[in-house]
Amino acid sequence: MKLALIMQTGSTGDRTFPINGERTVIGRDGRCDLRLPLPTVSPRHCEIAIENRRATLLSSDPASETLLNGVPVDQAELSDEDTVCIGPVTFRVSISSAAEDGSTRLTVERDEN
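One gets the numbering used here by counting positions in the sequence shown from 1 and adding 377 to each.
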């Protein structure tokens, strides 16, 4: 599975952040895997855990909301094209299947008619 968060930045184009490893910590702290240096983002705001080919969004700070598709969550499974809001920053989730060698699999269906 390949997972990325895509930050829509308007006229400067989108920024893509690949999510690698079993856990990715997102927050304001300099030790976070994905750092958002904004005062409205908690030092350890949330994290993404990948296990058994599933990605789960986990809120780390109960005082700061993490939104999934506009709804506050403590823990939720991520799907392709979901929207995650961390403070004022909005990301689009991109999930694709990948082969063991890292290449993306493409399935083509044939019309039998």
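Backbone N, C-alpha and C define an ideal beta-carbon position, used for all residues, glycine too.
Keep in mind the model is a prediction, meaning the values are calculated, not measured.
Within a Cβ cutoff of 6 Å, which residues of the same chain sit near residue i, ignoring the five residues on either side of it in sequence?
i	result
G407	none
T393	A381, I383
Q385	D391
V466	L413
L415	G464
L455	A432, L434, V470
Based on the DSSP secondary-structure assignment, which residues constitute the bridge partners of residue i?
i	result
C462	L444, T467
G404	R412
E424	V402, L435
T393	I383
S473	K379
Beta-carbon within less than 7 Å of residue i's beta-carbon, same chain only, minus the 5 sequence neighbours each way: which residues are those?
i	result
E458	R469, V470
L445	L434, A453, D459, V461
C409	V402, I403, R421
Got a sec? Which residues, its chain only, sit under 8 Å from residue i by beta carbon, not counting five neighbours each side?
i	result
E399	A426, I427, E428
M378	I427, R430, A432, I472, S473, S474, A475
Report the residue from the options whose alpha carbon sits nearest the alpha carbon of residue i.
i	options	result
P449	L455, C462, S456	C462
T363	G447, S441, T401	Any question about residue 363 goes unanswered here, given that the chain covers just 378 to 490.
Compare the beta carbon distance of residue i and residue j with 8 Å and say whether it is the shorter of the two.
i	j	result
I472	A432	yes
R421	S437	yes
R405	S419	yes
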